[in-house]
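Have a look at the structure below before the remarks.
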Amino acid sequence: MTTYPTVRMRRVRRLPPLRRMVRETTLSAADFIYPVFICPGTGVDKPVGSMPGVAQWSVDRLVEEAPRIVDEGIPALILFGIPEQKDAVGSAAWRDDGIVQQAVAALKKRTPELLSIVDLCFCEYTDHGHCGVLKDGVLDNDQTLVNLVKQATSLARAGADVIAPSGMIDGMIARIRAGLDSAGFTEMPILSYAAKYASGFYGPFRDAAESAPQFGDRRSHQMDPANALEALREVAIDLEEGADMVMVKPAMPYLDVIRQVKDRFGYPTAAYQVSGEYSMILAAGKNGWIDEERVMFESLIAIKRAGADMILTYFARRAATILKSKGMPF
Ligand code: PBG
267 MTTYPTVRMR RVRRLPPLRR MVRETTLSAA DFIYPVFICP GTGVDKPVGS MPGVAQWSVD
327 RLVEEAPRIV DEGIPALILF GIPEQKDAVG SAAWRDDGIV QQAVAALKKR TPELLSIVDL
387 CFCEYTDHGH CGVLKDGVLD NDQTLVNLVK QATSLARAGA DVIAPSGMID GMIARIRAGL
447 DSAGFTEMPI LSYAAKYASG FYGPFRDAAE SAPQFGDRRS HQMDPANALE ALREVAIDLE
507 EGADMVMVKP AMPYLDVIRQ VKDRFGYPTA AYQVSGEYSM ILAAGKNGWI DEERVMFESL
567 IAIKRAGADM ILTYFARRAA TILKSKGMPF
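Just so we're aligned: the sequence shown equals residues 267 to 596 in the numbering used here.
Written out as structure tokens, the structure is:
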């Protein structure tokens, strides 16, 4: 290999335009999926304390914001619902007049070009905060599958564009695919939260979605942070069962997993920069310990560089707006 002094790596780094020309990874608003939290009522815009800049919106507020989100160049939302009433099984999740069903229908009318990706899980809908039906205090996998199909078909009827099951329930993709197909939704794409870790980084989300488990945790179904081979098996199973796209979650602590999933399977791969990743950057920025905007872009480009085709991020709107007006700050 040719080396110094023939080679001087700095030659292409000195001039900013040249530096941009040799840049290997790009970031654009089209890469982002913006998470939103929908709550009952009208005119509600309730800030989430643990996530500055994030709020719970009622459906009318969401519909008001939707055209602006489209103008910012963001192609998709992922919707989370906070229902009026919770119960032991989370039945509000599959009501045809449920909170997310209403949001999806209203969005379809106002901004049909903005994709509605719907998160499929029960933790926001159960009074105990677990991701499905409990039996003797433990998540009952197979009974939860039955309800997931009801939730998926109800949301499909409401007009959802993509179904995204996030519960790490065994067999969820096969059962949801079969349920959607037999209800006539053979074209409905499934984005599986295939490799979702039992992570401390979800802390602020549980505040936003009011979905913290009342006892215990989610380690019986979400993955052990120590495992990567197991993530590849999870992805292989979900693809076998019919997932069209797969997700790794959280993002930054699991860049190695994103890279391996992309290399091994070559499927459309999403990464979720979760609530804790977001709030940590804001908290450090607020303290003046880091340059918030710069770290925001560095984290997003890192996730993209690791192999993500799309990024679910609470920074979507802010990053899109800055990209449009002045580009990345480095
Ligand atoms: C489950 C779900 C969770 C998140 C997305 N979908 C929470 C959990 O598994 O406890 C977390 C997202 C985030 O932290 O931003 N419905």
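No residue lacks a Cβ here, since even glycine has one placed at the ideal position from N, Cα and C. Note that the structure is predicted; figures quoted are calculated from it, not measured.
May I have the straight-line CA-CA distance separating residue i from residue j, to the nearest angstrom?
| i | j | result |
| --- | --- | --- |
| lysine 217 | serine 382 | Since the first and last residues shown for the chain are 267 and 596, residue 217 lies out of range. |
| glutamate 506 | glycine 532 | 14 Å |
| aspartate 436 | glutamate 558 | 39 Å |
| histidine 396 | glutamate 476 | 11 Å |
| aspartate 365 | valine 412 | Going by the sequence as given, residue 365 is isoleucine instead of aspartate. Between isoleucine 365 and valine 412, the C-alpha separation is close to 20 Å. |
| alanine 359 | isoleucine 340 | 26 Å |
| glutamate 390 | alanine 478 | 8 Å |
| leucine 386 | glutamine 488 | 15 Å |
| methionine 594 | glutamine 526 | 27 Å |
| valine 370 | methionine 275 | 51 Å |
| isoleucine 246 | lysine 401 | The question about residue 246 has no answer here: the residues shown for the chain are numbered 267 through 596. |
| glutamate 290 | isoleucine 429 | 32 Å |
| glutamine 368 | proline 431 | 19 Å |
| glycine 425 | threonine 377 | 12 Å |
| glycine 554 | alanine 295 | 27 Å |
| methionine 518 | glycine 466 | 13 Å |
| glycine 403 | aspartate 483 | 11 Å |
Quick check on the burial criterion: 16 or more other C-beta atoms within 10 angstroms. Buried or exposed for residue i?
| i | result |
| --- | --- |
| valine 540 | buried |
| arginine 443 | buried |
| threonine 410 | buried |
| tyrosine 468 | buried |
| tyrosine 270 | exposed |
| lysine 570 | buried |
| aspartate 408 | exposed |
| threonine 272 | exposed |
| methionine 287 | exposed |
| arginine 583 | buried |
| arginine 485 | exposed |
| alanine 354 | exposed |
| lysine 592 | exposed |
| phenylalanine 388 | buried |
| leucine 495 | exposed |
| threonine 392 | buried |
| phenylalanine 481 | exposed |
| methionine 267 | exposed |
Between residue i and the rest of its own chain, which residues show a CB-CB distance below 6 Å, the 5 nearest in sequence each way excluded?
| i | result |
| --- | --- |
| alanine 502 | none |
| glycine 551 | Glu558 |
| alanine 574 | Ile524, Thr535 and Ala537 |
| phenylalanine 596 | none |
| alanine 449 | Thr419 |
When DSSP builds the beta bridges, which residues end up paired with residue i?
| i | result |
| --- | --- |
| tyrosine 463 | Met489 |
| threonine 579 | Gln539 |
| valine 428 | Ile383 |
| proline 313 | Ala321 |
| tyrosine 300 | Leu343 |
| isoleucine 503 | Isoleucine 503 is not bridged to any residue. |
| serine 565 | BP columns for serine 565 are empty, so no partner. |
| threonine 392 | Asp353 |
| isoleucine 456 | Ile429 |
Does the distance from the C-beta atom of residue i to that of residue j stay below 7 Å?
| i | j | result |
| --- | --- | --- |
| alanine 537 | isoleucine 547 | no |
| lysine 528 | lysine 462 | no |
| arginine 277 | arginine 285 | no |
| leucine 446 | alanine 418 | yes |
| leucine 566 | leucine 293 | yes |
| cysteine 305 | isoleucine 335 | no |
| methionine 511 | aspartate 297 | no |
| threonine 587 | glutamate 338 | yes |
| valine 415 | alanine 372 | no |
Can you name, in chain order, every residue of its own chain whose Cβ lies under 8 Å from the Cβ of residue i, other than the five neighbours on each side?
| i | result |
| --- | --- |
| valine 314 | Phe303, Val320, Ala321, Gln322, Pro470, Asp473 and Ala474 |
| tyrosine 580 | Tyr300, Pro301, Met317, Gly319, Val320, Gln539, Ser541 and Tyr544 |
| arginine 560 | Pro595 and Phe596 |
Tell me which residues share the same chain as residue i and place their Cβ nearer than 7 Å to its Cβ, disregarding the 5 neighbours each side in the sequence.
| i | result |
| --- | --- |
| alanine 509 | Ile439, Ile456, Ser458 and Ala460 |
| arginine 423 | Asp362 |
| tyrosine 520 | Tyr463 and Val514 |
| aspartate 522 | Ala494 |
| aspartate 311 | Ala321, Trp323 and Arg327 |
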